[in-house]
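I have placed the structure first, in the form of structure tokens, so that the comments after it can refer back to it.
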Amino acid sequence: MTKKEQLSLFSEDPAALLQKLAKDIAHHDRLYHQKDAPEISDAAYDALRARYKALAKAHPDLVPADDPDARVGAAPLGGFRKVRHKVPMLSLNNAFTDEDIIDFVERIRKFLNLKETDKIPMMAEPKIDGLSATLLYEKGKLVAGATRGDGQTGENVTDNIKTIKSIPHKLNGTFPDRLEVRGEIFMTHKDFSKLNAQREKDDEPLFANPRNAAAGSVRQLDSTITAARPLAFFAYALGEVSHMTWNSQSGLRKKLANWGFTLNEPSALCETTKDMLAYHHKLEEKRHEMDFDMDGVVYKVDLFAWQERLGFVSRAPRWALAHKFAAEKAQTKLNDILIQVGRTGAMTPVADLEPVTVGGVVVSRATLHNEDEIKRKDIRIGDEVIVQRAGDVIPQIVEVVLSKRKKTASVYEFPTHCPICHSLALREEGMAVRRCTGGLICPAQIVERLCHFVSRDALNIDGFGEQRVRTLWEEGFVKTPADIFLLHEHEETLSERKGWGALSVRNLLDAIEAHRTVPLDRFIFALGIRQVGEATARLLARHYKTFEAWRKAMIAAHDEDGEAWQELTGIDQVGPLVARDLAAFFAEPHNEKILDDLLNQITVRPAQQGAQNTALAGNTIVFTGSLTTMGRREAKTRAESLGMTVSGSVSKKTDYVVLGEDAGSKEKKAKELGVKILNENQWISLTEGKKI
Ligand code: IVH
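Counting the sequence shown from 1 gives a position; our numbering is that position plus 3.
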């Protein structure tokens, strides 16, 4: 978790945090399911989901409309025809410890009202790390194949699926007329290495891991490309089926094998929890001997009659569970410790390692988090260390192998100055991070800050990817935020840059022009002042109204005995820590200069006035469910422009609740409290000043 996220954990209200977590989950789902290019490790993703789940459980009335727990994966990518799954393709809940498994079995026992002595046979199978697919057979003939997509709707990849050798085009023996077989498409380690070796020779980008290679191959619009990729398929479940002559998962597995499918083995029918754990343990040990990636074990209640009774909770069955394997580890030498400097100057130590293979991926860097972490783990340069990789990215150092410590191992002195701009680096009391004080003169911070400045929630200028900002900075076109608004002077030079193109430069310049007037709150947020997130920026804008007034007040707030300080810290939800960061920003002469230059280029629009006159001013409104005519953000902005307060949860103080589609528990709460409920049309009428 970055410092910013940690801070927001405390400073944001749970509704905002839930929404933020939901947004993050959706973002990572998209990267994983549509782009095959995850940015975070599986473990980090699991942690994100766990955080969301815990918070959602504590605040069921605040669950956002795009509740990730009610959704699986991401909506399918454009390009393929869409297929609606008759039986949804669901996901599995994850478990990590033995206790989780004991609880799982006990929950089932309770649910089914079984006795202590009753056995609950469980099918245990390897959990394959590939991509799930569903195959439709009519009268034994393969007629269609689709990916999971978001669980409800997938992509029709029939032509591609037909090129996979282990998928039978015709079933053997007897079979139901209509049968949907589900399983995992994957690539073996051997085939993955061969494919990447060939790609290296052909100067093509390498796949990060077998899962990405498999997913990328299935999603080829040209099926001859898929045919050239060595894909395989394991069958493990059914979707729609016209007629069943078997009544258990173990029975189904036998059928699948008879029909001609390859199964994910070794599997075991376990009678007790002890058997299940023993199976998990054995498979984890054998993990590296297998030629395919497994990320755990799946337990499934064997009897279908029981599965049916147990049913589902939102996106996962109650009758199955994924028991994940522990993160993979390896031992290597720590060659050096490097320092990375982020947007707010936070200096993060990074381990420079002797390259080592951890779970099939070569690792040469690992995060060390912060200064204290190095001390706590007593990590010295030259030490042998244990590296752990949970998923694909950001490996970590678990511990030092003390028995192997050499006399030459040296204690690391955390730098007191920024390695990039050489400004003093300070550590505030009670804080884990040391920060470079260089602010906008520190190159490392500038690029990050420029990216933040143009980002969606700040100035929202399209066409500025991080790489582009970096290039513009490195080549001297953009050194400060104000330079962005002078880019038009370089249109010709930029259009001639390799890989940019006149059209994309034109689009970028148009986007910049469209944002020469900025609302005060977005402007404050865009400055990237520490601890000043969107919510604080909005509070400040609302309070001080104009940029000039705000600036004057922030400069004066330097004096903590003065009136300006009193006023600032008197704003609800602005504490002394935030106030100090604001004052510190204005105390820096180079920040003052940056603001002056910027104001020569742009106009800061005062916070919306006049709202107080509307009939709705002062009312509190809650939006729930998905709105069809306007997005959430737009609805919120409109309400705020009418002087209303938008809240995430329904309470006695709520005046209106607007129900979108699939509204959840808030409707019930609103009814209980007698809060006025509006549908979307009524809400629009209300904003137009009509009687409803
Ligand atoms: S059963 C209703 N069995 O894991 C659940 N899934 O994390 C049906 N997976 O979407 C899935 N190996 O893509 C099942 N032996 C196995 C599996 C397996 C891998 C995947 C599958 C699923 C995901 C959930």
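Using N, Cα and C, we set each Cβ at its ideal position, and we do this for glycine too.
The model shown is predicted, which means the values in this text are computed figures rather than measured ones.
By how many angstroms is the C-alpha of residue j removed from the C-alpha of residue i?
| i | j | result |
| --- | --- | --- |
| L489 | P418 | 37 Å |
| V660 | T631 | 16 Å |
| G531 | F588 | 10 Å |
| S317 | A29 | 16 Å |
| Q685 | L571 | 39 Å |
| K596 | I605 | 14 Å |
| E376 | T370 | 10 Å |
| E331 | R110 | 30 Å |
| G468 | S135 | 32 Å |
| V184 | R473 | 48 Å |
| T496 | A517 | 21 Å |
| P67 | K679 | 20 Å |
| G613 | G314 | Caution is warranted here: a pLDDT of 45 is assigned to G613, below 50, making its placement in the model unreliable, and the coordinate value is therefore given only provisionally. Taking the straight line joining both Cα atoms gives about 54 Å. |
| H493 | T440 | 32 Å |
| F178 | N261 | 10 Å |
| R202 | P208 | 7 Å |
| Y282 | A271 | 7 Å |
| D180 | K142 | 4 Å |
| T549 | K336 | 56 Å |
| K656 | Y35 | 41 Å |
| V160 | A319 | 24 Å |
| V263 | N212 | Looking at the sequence itself, residue 263 is Gly, so the reference to Val does not match. Near 28 Å, if we compare the C-alpha coordinates of N212 and G263. |
| V359 | N338 | 12 Å |
| D106 | L95 | 16 Å |
| D646 | N622 | Checking the sequence, you will find Gly at residue 646 rather than Asp. If I take the Cα positions, the gap works out to 8 Å. |
Which residue comes first and which comes last in the beta strand (DSSP E) that contains residue i?
| i | result |
| --- | --- |
| T370 | 364-370 |
| S650 | 648-650 |
| Q334 | 331-344 |
| H326 | 323-327 |
| V607 | 606-608 |
| L662 | 659-662 |
Name the two residues that bound the continuous alpha helix (DSSP H) containing residue i.
| i | result |
| --- | --- |
| G254 | 252-262 |
| K378 | 374-379 |
| S196 | 192-204 |
| Y415 | It is not in any alpha helix (DSSP H) - Y415 carries neither H nor E in the DSSP assignment. |
| M557 | 550-559 |
| R583 | 579-590 |
| I527 | 523-529 |
| G692 | Counting along the chain, G692 falls outside any alpha helix (DSSP H), and DSSP gives it neither H nor E. |
| Q534 | Where Q534 is concerned, there is no enclosing alpha helix (DSSP H), given that its DSSP letter is neither H nor E. |
Can you say whether residue i is buried or exposed, counting buried as having 16 or more other CB atoms within 10 angstroms of its CB?
| i | result |
| --- | --- |
| R583 | buried |
| E128 | buried |
| D381 | exposed |
| D395 | A caution first: D395 carries a pLDDT of 43, below 50, which makes its placement in the model too unreliable to give a value. |
| Q365 | One point to set straight first is that residue 365 is Val, not Gln, in the sequence displayed. V365 should be labelled exposed. |
| R392 | buried |
| G565 | exposed |
| A25 | buried |
| H31 | buried |
| D665 | exposed |
| H451 | As written in the sequence, residue 451 is Glu, which differs from the His given in the question. The residue is buried, with at least 16 neighbouring Cβ atoms inside 10 Å. |
| A510 | The sequence as given places Asn at residue 510; Ala does not occur at that position. With fewer than 16 Cβ atoms within 10 Å of its Cβ, N510 is classed as exposed. |
| H284 | exposed |
| L662 | buried |
| D121 | exposed |
| E102 | exposed |
| G137 | The sequence shown places Thr at residue 137, rather than the Gly named in the question. Counting Cβ neighbours within 10 Å, T137 comes out buried, since at least 16 surround it. |
| G176 | exposed |
| L20 | buried |
For the putative contact between residue i and residue j, defined by C-beta atoms under 8 Å, what is the C-beta separation to the nearest angstrom?
| i | j | result |
| --- | --- | --- |
| A240 | G186 | 7 Å |
| G157 | H88 | 6 Å |
| I340 | A354 | 6 Å |
| P124 | E268 | Going by Cβ atoms, the distance from P124 to E268 rounds to 18 Å, so no, they are not a contact pair. |
| F236 | L266 | That pair is no contact at about 10 Å. |
| N603 | A485 | 7 Å |
| I527 | L512 | Not quite, the Cβ-Cβ distance comes to about 25 Å (not below 8 Å), so this is no contact. |
| R438 | A428 | 6 Å |
| T690 | R641 | 6 Å |
Inside the region 86-150 only - beta strand (DSSP E) runs reaching at least 3 residues: 125-131, 134-141, 144-150
Start-end ranges of the alpha helix (DSSP H) lying completely within the region 12-73, minimum 4 residues: Entirely contained in the region 12-73, the alpha helix (DSSP H) runs reaching 4 residues are, in chain order, 17-36, 45-61.
Within the region 222-310, note down every full alpha helix (DSSP H) run reaching 4 residues or more, in order along the chain. 226-230, 252-262, 276-289
For a minimum of 4 consecutive residues, which ranges assigned as the alpha helix (DSSP H) are wholly contained in the region 437-493? 446-457, 469-477, 484-487
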